[in-house]
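*Asks:*
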Amino acid sequence: MQANNILSAGRLGAYFRKHLLDNYRFYGMALIVLTGLLLLIMGFYFFNDGNPQRKYSDLIPIYLVGMFLAGGIFTSMSFSELGTNPRGIDYLLFPASHLEKFLSTLLVTVVGFLVMYHVAFYFAATMSESIAFARFGNHINNDLQRYTTDNKWWYSYYFWFIVQALFLLGAIYTHKYSFIKTVFFFLLFAGAIYLLHTVTAYTFFGSKLHKWNEHIPFVGVRVMIDQSVSHAAYPMDDFLVVPKKYADFLLFIGKYLVAPCLWTMAYFRLRDKEI
Amino acid sequence: MISIQNLSFSYRKNKPLFEHLNLQLEAGHIYGLLGKNGAGKSSLLKHMAGLLFPQGGSCKVQGFDTFRRQPAFLQNIFMVPEEFYLPPVHIKNYLSTYAPFYPNFDRKAFGSYMEEFHIPQDQRLTEMSYGQKKKVLISFALATNTKTLIMDEPTNGLDIPSKSQFRKVIAAAVSDEKCIVISTHQVRDLDNLIDSIVIIDNHRIIFRQNVEAVTEKLCFKTVSSIDDAGNVIFSDSSLRGHTVITENGGLEHSRIDMELLFNAVLEKSERITQIFN
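Chains as they are written, first to last, in my numbering: chain A, 96 to 370; chain B, 25 to 301.
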């Protein structure tokens, strides 16, 4: 019988099992190191000034920076097999489809990472709580509800998916120093977009542009409203934002399309990989 | 089985490795792929395995375009590369994770190949020497029973007894359904093993004959004086005298000297081509 050459659930499961068996030591060590690092950072953050009045919302910056940084580094390590000939040959000639190999990596770097990160963060926070109680005799105040009831909280996750997809794409293109190279090329790309937007803003608004750098690509631009009237105390300028219809459209693209597009590009790059 | 037509490929612009290369290999044979350093032996094997993509022409194995690397193709081809990777796991874990992907994998045969190579199966792969690991990989490759088996310098890193064990296990594994392609510099390691010779040079296949046809048309012998040998096509001198290749006019039977033949094909290419055409 002709095998399914695109996606087979049984083969995907077997391949995923193989992937975990090959890497479980690394993932286990990564979990321990991550927990240790988070505990160290939380300890420094909570106890360096001896203030006993602490609240969980103080941990939000650590949580977000950690999630983006650790997620980026972890994802950058994907496809490291392709960096050397022997491992690359083993990877590419393994009898699973490109899609199955790609989905396994995606599952590990998205679902696997998020689970690992939250477990590590939970352990580190719980241990910090115990240390805080032992040292100051009072618990860390849990005030997270006022932050998490707002839907805007989810934007950090949408943004995380885009960053993850970007690092995954970077990992398939570059196999050594992938994290640094991806950051470098992203900054270069972002700089080019900003420059292009500056030129576009000048083309449209010319001398009415408030300052050359007062614009945000895909968001808006600050312009002088009326130059004929002198208002020294209250300059007549305004920040023009894109119309709501377009803003919603761009938001939709950002939330639901950018990450899948980057994943698709990474998949096709994997399919075209030669060694 | 393996059909390469008009294959063109280059790593760098204006420096072609293959130009309109054609090659047909059939099942039931063990092919020895020979060539100088940089002739493109490994690159040709990589094309057969789908690790490199043709820039012109096509490369098909068992009817599959190799560059697609479809699972149905990959489960019927195995490549033993010169530099290989084995995961840092126990042999039994290696078997339990890798073997299910090869539908014709024969665990019993794997055991007997390992026994032939004197490798105990209760070890971690990390505890093994390079040569031992290579023997595990060769045993695994043979046990997969894939229709196409590609080996790049398989005897590199094997000690002298292991080389004869290698010949023994390969000879035992060959069948009418399998096509085995072995690329090597160490042509003497393939003595009495391969039944067809493919020589690649100057971007194309310059020689492709089976061993029977070679011994039918050429005679390999060692003589003390070249003048005694008659119509010499190619000769090489050693302490034992002169090893020579002559035309085999009288259906004389001789044992093929792979190294001598390889040098003769490279240096007397036109004469050899004339004889075989």
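Don't be surprised by glycine CBs; every beta carbon is placed ideally from N, CA and C.
Anything in chain B within Cβ reach of Ile370 of chain A, meaning under 9 angstroms, just list it in chain order.
*Replies:* Chain B residues near Ile370 of chain A: Lys70, Leu75, Leu76.
*Asks:* Whole angstroms is fine: what's the gap from Met96 of chain A's alpha carbon to Cys243 of chain B's?
*Replies:* With a pLDDT of 44 at Met96 of chain A, under the threshold of 50, the modelled position of this residue cannot be trusted; read the value that follows with caution. If I take the Cα positions, the gap works out to 48 angstroms.
*Asks:* Would you decide whether Glu176 of chain A is buried or exposed? Buried here means 16 or more other CB atoms lie within 10 Å of its CB.
*Replies:* It counts as buried.
*Asks:* Buried or exposed: Lys113 of chain A, going by 16 or more other Cβ atoms within 10 Å of its Cβ?
*Replies:* Its Cβ being crowded by 16 or more others within 10 Å, Lys113 of chain A is buried.
*Asks:* Under 8 angstroms between beta-carbons, which chain A residues line up against Phe42 of chain B? List them in chain order, please.
*Replies:* Going along chain A, no residue has its Cβ under 8 angstroms from Phe42 of chain B, so there is no contact; the nearest lies around 14 angstroms.
*Asks:* Cα-Cα, which of B:Val238, B:Phe300, B:Ala253 is closest to Asp281 of chain B?
*Replies:* Here the closest residue by C-alpha is B:Val238.
*Asks:* Name the one or two DSSP bridge partners that Asp117 of chain A has.
*Replies:* Looking at the DSSP assignment, Asp117 of chain A forms no beta bridge with any residue, so it has no partner.
*Asks:* Excluding sequence positions up to five away, which residues of its chain have a Cβ less than 7 angstroms from the Cβ of Ile136 of chain A?
*Replies:* Closer than 7 angstroms at Cβ, skipping near neighbours: Ile157.
*Asks:* With a threshold of 8 angstroms between beta-carbons, can Arg364 of chain A be considered close to chain B, or not?
*Replies:* By this cut-off, Arg364 of chain A is not an interface position.
*Asks:* Identify which residue in B:Ala51, B:Arg36, B:Gly62, B:Lys37 has its Cα closest to the Cα of Arg228 of chain B.
*Replies:* Ranking the options by Cα distance to Arg228 of chain B, first place goes to B:Gly62.
*Asks:* Using a Cβ-Cβ distance cut-off of 8 angstroms, determine whether Thr121 of chain B contacts chain A.
*Replies:* Judged by the 8 angstroms Cβ criterion, Thr121 of chain B is in contact with chain A.
*Asks:* Taking only beta-carbon atoms, is Asn308 of chain A less than 8 angstroms away from chain B?
*Replies:* Chain B, which has no Cβ nearer than 8 angstroms to the Cβ of Asn308 of chain A, makes this no.
*Asks:* Could you check if Glu219 of chain A is buried or exposed, using at least 16 other CB atoms within 10 Å of its CB as the buried criterion?
*Replies:* The residue you asked about is not Glu; residue 219 of chain A is Ala in the sequence shown. It counts as buried.
*Asks:* Considering just the uninterrupted stretch of the alpha helix (DSSP H) at Glu271 of chain B, what are its terminal residues?
*Replies:* Premise fails: Glu271 of chain B lies in the beta strand (DSSP E), 265-271, not in any alpha helix (DSSP H).
*Asks:* At a Cβ threshold of 8 angstroms, is Leu187 of chain A touching chain B?
*Replies:* At least one chain B Cβ lies under 8 angstroms of Leu187 of chain A.
*Asks:* Near Arg182 of chain A, what residues of its chain come up, given a Cβ to Cβ distance below 6 angstroms and the 5 sequence neighbours on each side ignored?
*Replies:* Hits under 6 angstroms: Glu176.
*Asks:* Determine the chain A residues that contact Phe108 of chain B at a beta-carbon separation under 8 angstroms, and present them in chain order.
*Replies:* Neighbours of Phe108 of chain B on chain A, chain order: Pro181, Ile184, Asp185.
*Asks:* Measure the Cβ-Cβ separation of Lys292 of chain B and Ile250 of chain B and say whether it is below 8 angstroms.
*Replies:* Going by C-beta atoms, Lys292 of chain B is not nearer than 8 angstroms to Ile250 of chain B.
*Asks:* Within 8 angstroms of any Cβ in chain A, is that where the Cβ of Pro185 of chain B sits?
*Replies:* For Pro185 of chain B, the answer is no, since every Cβ of chain A falls outside 8 angstroms of its Cβ.
*Asks:* Select from B:Gly254, B:Ala73, B:His44 the residue whose C-alpha is nearest the C-alpha of Lys171 of chain B.
*Replies:* Residue B:Ala73 is the option with its Cα nearest to Lys171 of chain B.
*Asks:* Cβ-heavy atom distance between Asn301 of chain B and the ligand COA below 7 angstroms?
*Replies:* Because no ligand of any kind appears in the structure shown, any question about the ligand COA cannot be addressed here.
*Asks:* Within 10 angstroms of its Cβ, does Asp176 of chain B collect 16 or more other Cβ (buried), or is it exposed?
*Replies:* The residue in question, Asp176 of chain B, is buried, as its Cβ has 16 or more Cβ neighbours within 10 Å.
*Asks:* Quick one: what's His310 of chain A bridged to in DSSP?
*Replies:* Answer by DSSP bridge pairing, in chain order: A:Val316.
*Asks:* Tell me which same chain residues have a C-beta within less than 7 angstroms of the C-beta of Gln86 of chain B, skipping the five on either side of it?
*Replies:* The answer, listed in chain order, is Met25, Phe97, Asn100, Lys171, Thr172.
*Asks:* Less than 6 angstroms between C-beta atoms, sequence neighbours within five positions excluded: which residues of the same chain meet that for Ala342 of chain A?
*Replies:* Nothing listed; no residue qualifies.
*Asks:* My parser needs the beta strand (DSSP E) runs of 3 or more residues fully inside the segment 115-180 of chain B; what are they?
*Replies:* Listed in chain order, the complete beta strand (DSSP E) runs (minimum 3 residues) inside the segment 115-180 of chain B are 172-176.
*Asks:* From what residue to what residue does the beta strand (DSSP E) around Pro40 of chain B run?
*Replies:* Run containing Pro40 of chain B: 39-49, per the beta strand (DSSP E) assignment.
*Asks:* Let me know the secondary structure DSSP gives Leu357 of chain A once reduced to three states.
*Replies:* Note: Leu357 of chain A maps to helix in three-state DSSP.
*Asks:* Tell me which residue opens and which closes the alpha helix (DSSP H) that Phe280 of chain A is part of.
*Replies:* 273-300 is the extent of the alpha helix (DSSP H) around Phe280 of chain A.
*Asks:* Give me the chain A residues within the contact set of Asn117 of chain B, using Cβ-Cβ distance strictly less than 7 angstroms, ordered along the chain.
*Replies:* Within 7 angstroms Cβ-Cβ: Leu116.
*Asks:* Can you round the beta-carbon distance between Val318 of chain A and Asp333 of chain A to whole angstroms, since I take them to be within the 8 angstroms contact cut?
*Replies:* Right, their Cβ atoms sit about 6 angstroms apart.
*Asks:* Using the beta-carbon of each residue, which ones in chain B are nearer than 9 angstroms to Ala104 of chain A?
*Replies:* Residues of chain B passing the Cβ test: none, with the nearest at roughly 13 angstroms.
*Asks:* Does Val160 of chain B come within less than 8 angstroms of chain A when only Cβ atoms are used?
*Replies:* Output row for Val160 of chain B: interface = no.
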